[in-house]
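Visitor: A single structure is presented below for examination.
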């Protein structure tokens, strides 16, 4: 039977497929075969995992296209940087841009089976203070982990462990190798949850690393798409 994490990841993957197919369909509707330079921009890890795998097929279908994929975690202005399509994950915050929101990240607390085999028992989020938590550290310091309590209120926790990093892939790799617990969205650890190399922990508690509404969106510097209340930052 598929796990809930597996079902969430499958739904997200189908959404990605639908969006890429739609983009290809729009290109095919042009009177002449699309040609020239197409500039894309995406966050580093997201681009590696979810954009780069589609580029070979896109290039095969439209051989006259030249694709430029720039990967940066900093938000850019697609008008200023002449970007045709900008993928971002985060809060919508600029009314001057247009976007298609195609997924909402779902966060998971997870660890490897090897770590859990020797770790203290877990029944509630407070038990994580007895565990090795691998925490992302950004410009504002270590990320807090939020858990939804029985009163439907988000409770913040500041956990620590033997590793912090500003690189999500580093923390995921450490978790896969049995070092400790991580909290990341399904677009990042969905494959690992699906194949069992990471296991959901405390799945009865909703978890997040932010209280702001998050979206995965494709942002356009023109009005071809429905207007939104903002663009996505990381």
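Residue numbers (full-length UniProt numbering): 1 to 234. Glycine included, C-beta positions come from ideal geometry on N, C-alpha and C. It should be emphasised that the depicted structure is a prediction, and the values quoted were computed from it without experimental measurement.
Output yes or no for whether 9 Å exceeds the beta carbon distance between residue 192 and residue 110.
Guide: For residue 192 and residue 110, yes; Cβs fall inside 9 Å.
Visitor: Compute the Euclidean distance between the alpha carbons of residue 65 and residue 85, then round it to the nearest angstrom.
Guide: Rounded to whole angstroms, residue 65 to residue 85 spans 14 Å at the Cα level.
Visitor: Using only alpha-carbon positions, find the residue among 165, 122, 152, 46 that is nearest to residue 140.
Guide: The candidate whose alpha carbon is nearest that of residue 140 is 165.
Visitor: To the nearest angstrom, report how far apart residue 219 and residue 112 are at their CA atoms.
Guide: Whole-angstrom Cα-Cα distance: 35 Å.
Visitor: On the DSSP bridge list, what partners appear for residue 88?
Guide: DSSP, once it has assigned bridges, lists 217 as partnering residue 88.
Visitor: Under a three-way DSSP split, which group does residue 132 fall into?
Guide: Residue 132 falls in the coil class under three-state DSSP.
Visitor: Let's see if you can read the secondary structure: which residues bound the alpha helix (DSSP H) around residue 118?
Guide: Residues 113–118.
Visitor: State buried or exposed for residue 79, treating a residue as buried only when at least 16 other CB atoms are found within 10 Å of its CB.
Guide: Exposed, because fewer than 16 other Cβ atoms sit within 10 Å of the Cβ of residue 79.
Visitor: For residue 61, report the span of its alpha helix (DSSP H) as first-last.
Guide: Element bounds for residue 61: 52–61.
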